[in-house]
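Notes for the one structure printed next.
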Amino acid sequence: MKPFNALSLLNVLKRAPTILDWLDRHRWTHVGLMLFCGAIITAGVIAPWYEVAARMSGSWPHHNFFLIQKGQPVGRGDLVAFIMRRDYVERVQPGHLHRDYADVGNRWMKRIVGVPGDHIVIKEDEVYINGQSVGRGFGIDRYGQRIDLAPLPEIIPEGEYYVALPHPRSFDSRYYGLIRKADILGTVTPLI
């Protein structure tokens, strides 16, 4: 057995590449790893309160990304995100009919135009809330299939909302009915 020689060990260690040398040579890998770790940590911290969503429809012509602030109180005029539920979809896809723009579980963004206590009147395929027109039914969808207005109550009940957008072809409460407060994820702010 050779005796321990501290000097030779020191020489070996001096020649061995260090972590700092590796990081110097792989600077962009280091930057990428730091950004990735930062994004994961940030997402974990803010996910319970915020979510970023991308535009999925042509009815939002001026914005591509949105910030959803979860759990915010909502009211008339608020832009909200909600989940498309099975019973909403079944109102517009009776049995044999499939409309790919109305899939269960998709996130939707619309503006609240009717709140609990508001009066709804439907005259000749036009929907009015408290005497103000909020849209006319277009009768035929983009695939040429007939689409009927949803049966709407005369007064919006507590815990439900009428949602729509000013876009003339907006797929909204005219067709799938009122949405429940429990299905609203939060308020939406357009980003870019």
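Sequence positions in the sequence shown follow my numbering and run 38 to 229.
Using N, Cα and C, we set each Cβ at its ideal position, and we do this for glycine too.
Identify which residue in the options has its Cα closest to the Cα of residue i.
{"i": "residue 188", "options": "128, 66, 119", "result": "128"}
{"i": "residue 146", "options": "225, 64, 229", "result": "225"}
{"i": "residue 162", "options": "177, 99, 78", "result": "177"}
{"i": "residue 198", "options": "157, 179, 175", "result": "157"}
{"i": "residue 228", "options": "74, 104, 205", "result": "104"}
{"i": "residue 170", "options": "64, 190, 136, 203", "result": "203"}
{"i": "residue 194", "options": "219, 154, 66, 94", "result": "154"}
{"i": "residue 190", "options": "94, 159, 78", "result": "159"}
I need the straight-line Cα distance from residue i to residue j, nearest angstrom please.
{"i": "residue 192", "j": "residue 90", "result": "32 angstroms"}
{"i": "residue 92", "j": "residue 167", "result": "30 angstroms"}
{"i": "residue 86", "j": "residue 109", "result": "9 angstroms"}
{"i": "residue 70", "j": "residue 100", "result": "30 angstroms"}
{"i": "residue 114", "j": "residue 123", "result": "25 angstroms"}
{"i": "residue 126", "j": "residue 186", "result": "13 angstroms"}
{"i": "residue 207", "j": "residue 219", "result": "22 angstroms"}
{"i": "residue 102", "j": "residue 136", "result": "25 angstroms"}
{"i": "residue 66", "j": "residue 94", "result": "36 angstroms"}
{"i": "residue 62", "j": "residue 130", "result": "58 angstroms"}
{"i": "residue 79", "j": "residue 205", "result": "38 angstroms"}
Going by the DSSP bridge assignment, what does residue i pair with across the sheet?
{"i": "residue 106", "result": "87, 224"}
{"i": "residue 156", "result": "192"}
{"i": "residue 212", "result": "None; residue 212 has no bridge partner."}
{"i": "residue 147", "result": "117"}
{"i": "residue 206", "result": "Its beta-bridge partners do not exist; DSSP assigns none."}
{"i": "residue 94", "result": "BP columns for residue 94 are empty, so no partner."}
{"i": "residue 166", "result": "157, 169"}
Enumerate in chain order the residues of its own chain whose CB-to-CB distance from residue i is below 8 angstroms, with the five nearest sequence positions on each side excluded.
{"i": "residue 112", "result": "149, 152"}
{"i": "residue 222", "result": "88, 105, 107, 117, 118, 119, 120, 144"}
{"i": "residue 196", "result": "153, 217, 218, 219"}
Looking only at its own chain, which residues have a Cβ that is under 6 angstroms from the Cβ of residue i, when we skip the five neighbours before and after it?
{"i": "residue 172", "result": "164, 201, 211"}
Residue i: beta carbon under 7 angstroms from a heavy atom of the ligand ADP?
{"i": "residue 101", "result": "Within the structure as shown, the ligand ADP is missing, as the structure has no ligands at all."}
Classify residue i as buried or exposed, calling it buried when 16 or more other Cβ atoms lie within 10 Å of its own Cβ.
{"i": "residue 82", "result": "exposed"}
{"i": "residue 180", "result": "exposed"}
{"i": "residue 76", "result": "exposed"}
{"i": "residue 214", "result": "buried"}
{"i": "residue 118", "result": "buried"}
{"i": "residue 216", "result": "buried"}
{"i": "residue 209", "result": "buried"}
Note down, in chain order, each residue of its chain lying with its Cβ closer than 7 angstroms to the Cβ of residue i, except the 5 sequence neighbours on either side.
{"i": "residue 121", "result": "139, 140, 141, 142, 143, 145"}
{"i": "residue 73", "result": "none"}
{"i": "residue 183", "result": "176, 177"}
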